[in-house]
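In order, the protein sequence lines correspond to chains V and D. For the first sequence, my numbering begins at 1 and goes up steadily by one. For the second sequence, my numbering begins at 344 and goes up steadily by one.
2 protein chains.
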Amino acid sequence: MAQALGGRLGRACYCLRSGEGESYRVGGQLVTILADKETTEGRFDLVRISGGKGNTFPLHRAVSHSAIYVLEGSLELQLNDEHFMLTQGDFASIPAGVVQGYEMKSHCTQFLLVTVGGHKSSLFRALGTAYSAPIHPAPCGESPTPEDVAKAGAPYVEVLGSYKPANQKGYGYYGKLPDRVIPYVLEAREGERRLLGDQLHTLLLHREAADNAMLCATAEGPKGLKVIDHYHEHITETFYCLRGRVSVWGDGVEYNLVPGDLVHVPTKGVHAYRLDTHDARFFSVITPGDFVNFFRTVGDPYKEYVYPPVPSPFHADRLFQYAEQLDIHIVGSAAGTRDEIMG
Amino acid sequence: MAQALGGRLGRACYCLRSGEGESYRVGGQLVTILADKETTEGRFDLVRISGGKGNTFPLHRAVSHSAIYVLEGSLELQLNDEHFMLTQGDFASIPAGVVQGYEMKSHCTQFLLVTVGGHKSSLFRALGTAYSAPIHPAPCGESPTPEDVAKAGAPYVEVLGSYKPANQKGYGYYGKLPDRVIPYVLEAREGERRLLGDQLHTLLLHREAADNAMLCATAEGPKGLKVIDHYHEHITETFYCLRGRVSVWGDGVEYNLVPGDLVHVPTKGVHAYRLDTHDARFFSVITPGDFVNFFRTVGDPYKEYVYPPVPSPFHADRLFQYAEQLDIHIVGSAAGTRDEIMG
């Protein structure tokens with residue numbers, strides 16, 4: 001039933017395994033396009049970038065909001081006049097018009113970059129050369145020049161010049177989630193934290209900070225049960241496995257993800273997921289940003305940074321009461337199954 | 344054949360999945376014993392420690408060498424009079440007698456601690472209380488007191504007092520691999536790098552730096568072939584998956600590892616492994632340290648930090664010529680198989 005529904009109404013779900021996907025070499029950096037505007041109904045693109053110590057990207061402004069989630073290594077990021085040092089699990093929100101650029105500070109630095117509207121994937125397609133290895137080239141090579149980025153990024157990107165390293169020992173503070181659209185950097189596990197049963201969901205970019213365009217979040221917890229099959233009329237979801245094993249069902253197909261693997265679920269795509277190992281974790285991109293209402297309605301505010309050893313009850317009653325408003329459409333019946341209602 | 348040989352000659356191989364294993368709560372920290380002197384023929388123990396921001400461990404000296412490999416978060420580590428900030432992939436070597444202590448600086452900090460002789464697992468058994476959740480408790484709670492550690496660690500540990508945070512913005516330098524037994528810290532991917540065919544092996548603690556007691560290393564590469572079944576008369580090997588999927592065969596059993604999973608192979612245990620995903624990686628502990636000769640004999644020195652897009656040839660000729668001296672005993676025949684000789 002799930003498969004039929006997904007096939008009838010929606011665009012296709014898809015899965016990319018770590019190391020797979022359309023990849024470009026940009027000087028010493030490797031850019032893999034995990035989602036683009038064609039696959040996300042024009043909403044966003046998601047790329048993974050890896051490179052070596054000293055690789056930079058020029059200072060520029062972009063016409064739309066983007067965000068960075070660091071997977072490995074250390075990334076020195078400039079946002080307007082401030083420099084931040086991001087390491088694994090740190091997150092940056094970069095609204096349209098903010099001056100941005102970076103230098104990789106580790107021998108292997110890898111991060112996710114998500115951009116509203118999806119113009120960054122066309123920039124990298126124009127800037128890079130097709131490349132098939134799963135990691136950036138050795139030696140790590142040159143960085144793209146301001147001229148090349150200006151040409152490849154027009155008219156969505158205005159280039160201001162080369163990146164200037166901070167040459168400082170200490171770096172700017174990490175902020176809290178703001179209540180308006182400003183640039184900010186969150187330390188790993190900071191954000192708006194909501195507990196849903198046994199799972200901790202940490203919102204890194206919420207409606208207020210992204211003008212409703214998108215939501216970025218992580219979810220983690222112990223080995224758990226499959227949430228019930230459901231779909232959304234208006235919402236897209238992308239799951240990127242960070243830790244452990246996570247199963248995602250999309251349009252009736254079961255994908256067993258390990259870190260680096262991704263599943264994208266379009267609007268109307270029937271889906272579900274399950275954490276298959278202790279302390280599994282995934283990163284998600286959800287559009288539009290008002291899906292934050294789901295976490296705020298069904299989840300409880302949570303002040304700790306790891307999920308509790310004894311789960312809180314899952315508030316299925318709240319879900320059923322508000323499902324229509326939350327754009328959650330449950331497929332089949334929860335009765336008589338061991339499924340959790342929603343994760 | 345492999346199974347029979349392993350069963351006949353050796354101690355048992357075993358596998359622990361992420362979140363499994365004998366675990367202790369030590370104040371706000373969770374300590375999981377992955378290997379102890381009983382399972383490693385008295386050679387070492389390996390524990391995984393996780394905790395939250397502000398959790399500390401008192402200053403102390405120990406009677407034997409230990410080493411730290413950071414899995415997540417930020418760990419401020421004192422070694423004698425210097426402070427270092429370690430993040431994911433960074434490594435510290437702590438010889439016997441060195442003053443050591445730490446403070447966790449991230450909301451979730453997790454690292455591996457390996458100790459020659461295996462006295463740290465008995466320390467944690469005496470210090471902690473049995474705990475079954477896969478991650479440290481929330482809230483992150485108190486740290487162990489110097490008095491408690493002194494009592495639990497005697498006679499192997501001499502406690503000097505509470506840990507004093509560095510309160511500095513910049514931290515000490517990262518070193519190169521030394522040629523003698525001194526404390527040092529390596530930045531992620533630094534170390535003695537050897538290329539073996541398509542795989543990059545990075546030695547983090549070698550014979551010279553650990554008085555021959557043990558070798559710590561990482562291995563990474565593209566999706567590859569299974570190395571040939573082999574065993575060692577005198578060498579133990581422990582595989583801890585860091586990234587992607589890694590299969591390890593131990594005594595004829597196939598273990599498909601994801602990050603956080605471990606397989607220990609005792610002396611005389613027939614084993615093999617394979618990298619199953621692009622850019623898979625594992626951390627290994629090998630005793631004694633003279634197994635470094637294998638990497639130096641069969642591998643080529645390599646100055647880059649990621650494996651090359653085009654593999655170098657694997658020097659099987661060197662392996663066959665020196666197998667006896669290297670304590671490598673091949674089981675079965677390499678002829679007519681697609682197996683690589685050795686990874």
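Glycine included, every Cβ here is placed at the ideal spot set by N, Cα and C.
Per the Cβ contact rule, the region 196-216 of chain V is in contact with the region 83-96 of chain V (3 or more Cβ pairs under 8 Å). Exposure of ASN423 of chain D is indicated by the presence of fewer than 16 other C-beta atoms within 10 angstroms of its C-beta. Between the region 617-629 of chain D and the region 564-583 of chain D, the count of Cβ pairs shorter than 8 Å is three or higher; the stretches touch. In the DSSP assignment, PRO644 of chain D is bridged to D:ARG537.
In the three-state reduction of the DSSP assignment, TYR665 of chain D falls in the helix class, which pools H, G and I. At a Cβ-Cβ threshold of 9 Å, SER121 of chain V and PRO146 of chain V do not count as neighbours. Residue range 146-153 is occupied by the alpha helix (DSSP H) that includes ASP148 of chain V. For ALA219 of chain V, the uninterrupted beta strand (DSSP E) segment begins and ends at 215-221. Pairing ARG25 of chain V with GLY153 of chain V gives a Cβ-Cβ distance that is not under 9 Å.
If you keep only unbroken alpha helix (DSSP H) runs of at least 4 residues inside the region 63-111 of chain V, you get nothing at all. Rounded to the nearest angstrom, the gap between the Cα atoms of TYR184 of chain V and ASP572 of chain D is 52 Å. Taking CB atoms only, VAL649 of chain D has a neighbour in chain V less than 9 Å away.
Chain-ordered listing is empty here: chain V has no CB closer than 7 Å to the CB of GLY567 of chain D, the nearest sitting near 11 Å.
Going by C-alpha positions, LEU319 of chain V is about 46 Å away from VAL159 of chain V. When only Cα atoms are considered, ARG550 of chain D and ARG180 of chain V end up about 55 Å apart. GLU76 of chain V sits away from ALA12 of chain V, with the two beta carbons spaced by 9 Å or more.
DSSP places PHE657 of chain D in the coil class of the three-state scheme, outside both helix and strand.
Residue contact check for PRO165 of chain V against chain D: no CB pair falls below 9 Å. In this structure, the CA atom of VAL306 of chain V is about 31 Å from the CA atom of LYS53 of chain V. Collapsing the DSSP output to three states places GLY632 of chain D in a helix. Taking the Cβ atoms as the reference, LEU520 of chain D lies roughly 7 Å from LEU546 of chain D, within the contact range of under 8 Å. Against chain V, the CB of CYS358 of chain D has no partner CB under 9 Å away; the residue lies outside that interface. Residue pairing for GLU365 of chain D: DSSP places it in a beta bridge opposite D:ILE376. At least 9 Å separates the beta-carbon of GLU192 of chain V from that of GLY27 of chain V. One thing to note: VAL374 of chain D has its Cβ within 9 Å of the Cβ of ILE392 of chain D. Residue environment for GLY42 of chain V: exposed (fewer than 16 other C-beta atoms within 10 angstroms of its C-beta).
V:ARG296 is the residue among V:GLU324, V:SER18, V:GLN325 and V:ARG296 whose C-alpha sits nearest the C-alpha of PHE314 of chain V.
The residue among D:PRO602, D:LEU538 and D:GLY593 with its C-alpha nearest the C-alpha of PRO644 of chain D is D:LEU538.
A distance below 9 Å separates the beta carbons of HIS264 of chain V and THR236 of chain V. Interface annotation, GLU72 of chain V: in contact with chain D, CB-CB separation under 9 Å. For ARG532 of chain D, the neighbours in chain V by C-beta distance under 7 Å run, in chain order, HIS107 and CYS108. Listed by position along chain V, the residues whose Cβ is nearer than 9 Å to that of ILE478 of chain D are GLU220, PRO222, HIS278, ASP279, VAL306, TYR307 and PRO309. Where ARG468 of chain D is concerned, the enclosing alpha helix (DSSP H) starts and stops at 462-470. Between LYS164 of chain V and the set V:VAL157, V:ALA219, V:LYS105 and V:GLY118, the nearest pair of CA atoms involves V:LYS105.
Of the candidates D:MET428, D:ASP660, D:PHE400 and D:VAL459, the residue whose Cα lies closest to the Cα of LEU558 of chain D is D:VAL459.
ALA481 of chain D and PRO308 of chain V have their C-alpha atoms some 6 Å from each other.
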